[in-house]
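Each remark here refers to the structure printed beneath this line.
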Amino acid sequence: MSLNLGVLSIQGDILENILSVQSAINALDIDGTVTSVRTPDEISQVDGLIIPGGESTTIGQLSLANGTLKF
Amino acid sequence: MLPLYGERTNAKGIISEKLNSVDTLRGSSTLKRGFAHMQKNGVVMDVTNVEQALIAQEAGAVSVMVLDKLPSEVRKAGGVARTASIRIIEEIMDSVTIPVMAKCRIGHVNEALVLQETDVDMIDESEVLTPADELHHIWKWDFTTPVVNGARSLAEALRRIEEGASMIRTKGEPGTGNVAEAITHIKKVNDELRTIKSIYDSGDNQDLVRIAREFKVSYDIVEQTAKLGRLPVVNFAAGGIATPADAAYLMSLGCDGIFVGSGIFNADDAQERANAIVLATTFWNESDKVKEAQKMIDERQSMLGLDVKTLDLRMQDRGGSA
Numbered sequence: 001m002s003l004n005l006g007v008l009s010i011q012g013d014i015l016e017n018i019l020s021v022q023s024a025i026n027a028l029d030i031d032g033t034v035t036s037v038r039t040p041d042e043i044s045q046v047d048g049l050i051i052p053g054g055e056s057t058t059i060g061q062l063s064l065a066n067g068t069l070k071f
Numbered sequence: 072m073l074p075l076y077g078e079r080t081n082a083k084g085i086i087s088e089k090l091n092s093v094d095t096l097r098g099s100s101t102l103k104r105g106f107a108h109m110q111k112n113g114v115v116m117d118v119t120n121v122e123q124a125l126i127a128q129e130a131g132a133v134s135v136m137v138l139d140k141l142p143s144e145v146r147k148a149g150g151v152a153r154t155a156s157i158r159i160i161e162e163i164m165d166s167v168t169i170p171v172m173a174k175c176r177i178g179h180v181n182e183a184l185v186l187q188e189t190d191v192d193m194i195d196e197s198e199v200l201t202p203a204d205e206l207h208h209i210w211k212w213d214f215t216t217p218v219v220n221g222a223r224s225l226a227e228a229l230r231r232i233e234e235g236a237s238m239i240r241t242k243g244e245p246g247t248g249n250v251a252e253a254i255t256h257i258k259k260v261n262d263e264l265r266t267i268k269s270i271y272d273s274g275d276n277q278d279l280v281r282i283a284r285e286f287k288v289s290y291d292i293v294e295q296t297a298k299l300g301r302l303p304v305v306n307f308a309a310g311g312i313a314t315p316a317d318a319a320y321l322m323s324l325g326c327d328g329i330f331v332g333s334g335i336f337n338a339d340d341a342q343e344r345a346n347a348i349v350l351a352t353t354f355w356n357e358s359d360k361v362k363e364a365q366k367m368i369d370e371r372q373s374m375l376g377l378d379v380k381t382l383d384l385r386m387q388d389r390g391g392s393a
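So the sequences go chain by chain: U and Z.
According to my numbering, the first sequence is numbered sequentially starting from 1.
According to my numbering, the second sequence is numbered sequentially starting from 72.
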């Protein structure tokens, strides 16, 4: 079974997170992928979600405004 | 990845101390450049009071930049522009949860020290204010607080990084509402990066030495930047951004984020415009979202732009030769 990870791509260090996870997958030699995700549809497709470092106030507000997250 | 080229491990700005009996290190390059990384894909908005700062936070700005006057007002007022009142900076720091940055004059070490003592999150050594020293920028390695500098070319950017800048913003012409200069300069930087990358790939080290001499920077930083193919610190676009489409275009040119100065709070629809510019910056690669953002603003309420050719005062030239 392959492991699919998503990096929430709203704001912050998105590229660095994707590259780090990718190199970890390669180093551990496991079957997995990492993609950038934004919409609820995309998020429901992944096994795990990484919220990158950034401004929490901003990521929170933009995620709510665009329907990425629902409360 | 977070490259630390040109890092100075013995810089005066690095402080190790005990905080609640835990050893902490402040002011390291990782920490200072890392702060800039946390701002990526965001919009930093110029504000002059608490009310504007709250509008910026509500709109989703990643930081606010406190000034005494907006760049366009500085342009109109003339005289000497200095750093903002500390009382106002503190009021804003108390009322928002996002980071607060403040501008100091180019080369004015003690204005920067005052801002560091105020505990702002980042200092902008800015050409919008009247330069205090045309020949020397602040030696930023001595600061615990990260500093952002403007640049019009790769040479300027690398000189600032060698002085300890933790972040670069490619300059436009501030306070004009005219994005043309910002576009010219980011394209110039990209072009120069492509040039040195291709020299590096060709293995012609002698030509990199020539570039280092031309740029007036060390060979080491040229080689490392050429290898990386981008600036070794976070690079935002600044100067003249007035609409969501402006912001989206600059993001598409490879900027890590946007500084908006007069464009928002000089427009009559500040709140909608702040929202719209954040939206367009986040979703710059989805044209339907940028269109939605552009639809939120009214061109009749945009600030009146200025043609850069007609200006008496070109702020972008300040400190550029140093």
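The beta-carbon is built from N, C-alpha and C at its ideal position, and this holds for glycine as well.
Small disclaimer: the values here were computed from a predicted structure and weren't measured.
Count the other CB atoms within 10 Å of the CB of residue i; is the residue buried (16 or more) or exposed (fewer)?
i                 : result
Phe71 of chain U  : Confidence in Phe71 of chain U is poor, its pLDDT being 49 and thus under 50, which makes the residue's placement unreliable; the coordinate value appears in the next sentence. With fewer than 16 other Cβ atoms within 10 Å, it is exposed.
Leu279 of chain Z : buried
Ile232 of chain Z : buried
Met1 of chain U   : exposed
Lys242 of chain Z : buried
Ala148 of chain Z : exposed
Asp43 of chain Z  : Residue 43 of chain Z falls outside the range modelled here, since chain Z spans only 72 to 393, and no answer is possible.
Glu88 of chain Z  : exposed
Lys380 of chain Z : exposed
Asn249 of chain Z : buried
Glu198 of chain Z : buried
Asp13 of chain U  : buried
Arg281 of chain Z : exposed
Ile30 of chain U  : exposed
Lys174 of chain Z : buried
Gln123 of chain Z : buried
Gly98 of chain Z  : buried
Thr101 of chain Z : exposed
Can you pull the chain Z residues whose beta carbon is under 7 Å from the beta carbon of residue i, in chain order?
i                : result
Gln61 of chain U : Gly131
Ile10 of chain U : Thr353
DSSP beta-bridge partners for residue i?
i                 : result
Asp117 of chain Z : Z:Met136
Gly32 of chain U  : U:Leu3
Asn306 of chain Z : Z:Ile239
Ser197 of chain Z : Z:Arg176
Ser87 of chain Z  : Z:Leu96
Val28 of chain Z  : The structure shown has nothing for residue 28 of chain Z, since chain Z only spans 72 to 393.
Ile329 of chain Z : Z:Val114, Z:Ala308
Leu8 of chain U   : U:Val37
Asn220 of chain Z : Z:Glu196, Z:Ile239
Leu60 of chain Z  : Because chain Z here runs from 72 to 393, residue 60 of chain Z falls outside it and cannot be looked at.
Ile292 of chain Z : Bridge partners of Ile292 of chain Z: none, in fact.
Ile50 of chain U  : U:Val7
Val171 of chain Z : Z:Val135
I want to verify the contact list: residues of chain Z whose CB lies under 9 Å from the CB of residue i, in sequence order.
i                : result
Glu16 of chain U : Met72, Leu73, His108, Lys111
Find the residues of chain Z that neighbour residue i, judging by a C-beta separation of less than 8 Å, and give them in chain order.
i                : result
Asp13 of chain U : His108, Met109, Lys111
Along chain U, in chain order, which residues have C-beta atoms closer than 8 Å to that of residue i?
i                 : result
Ile169 of chain Z : Glu55, Thr57, Thr58
Would you say residue i faces chain C, with C-beta separation under 9 Å as the test?
i                 : result
Ala309 of chain Z : Absent here is chain C; the protein component of the structure consists of chains U and Z.
Return the residues of the stretch 45-58 of chain U that lie within a Cβ-Cβ distance of less than 7 Å from chain Z, sorted by chain order. Look at the stretch 45-58 of chain U: the residues with a C-beta under 7 Å from a C-beta of chain Z are Gly53, Gly54, Glu55, Thr57, Thr58.
Any 3 or more C-beta pairs closer than 8 Å across the stretch 77-95 of chain Z and the stretch 287-304 of chain Z: yes
Give me the subset of the stretch 121-146 of chain Z whose CB atoms are less than 9 Å from a CB atom of chain U, sorted by chain position. Gln128, Glu129, Ala130, Gly131, Ala132, Val133, Ser134
So, do the stretch 218-231 of chain Z and the stretch 373-391 of chain Z have three or more beta carbon pairs nearer to each other than 8 Å? yes
Cβ contact check for the stretch 183-190 of chain Z and the stretch 198-208 of chain Z: 3 or more pairs under 8 Å: no
Please determine if the stretch 19-32 of chain U and the stretch 90-110 of chain Z are in contact, where contact requires at least 3 C-beta pairs separated by less than 8 Å. no
Segment contact flag, the stretch 318-325 of chain Z with the stretch 344-353 of chain Z, C-beta cutoff 8 Å, min 3 pairs: Touching, yes, given that three or more Cβ pairs across the two stretches are closer than 8 Å.
Segment contact, 8 Å Cβ cut-off, at least three pairs: the stretch 120-138 of chain Z with the stretch 52-59 of chain U: yes
Between the stretch 361-371 of chain Z and the stretch 307-315 of chain Z, are three or more C-beta pairs nearer than 8 Å? yes
Within the chosen definition, does the stretch 330-349 of chain Z reach the stretch 262-272 of chain Z through at least 3 CB pairs nearer than 8 Å? no
Touching by the beta-carbon criterion (3+ pairs, under 8 Å), the stretch 141-156 of chain Z and the stretch 31-51 of chain U: no
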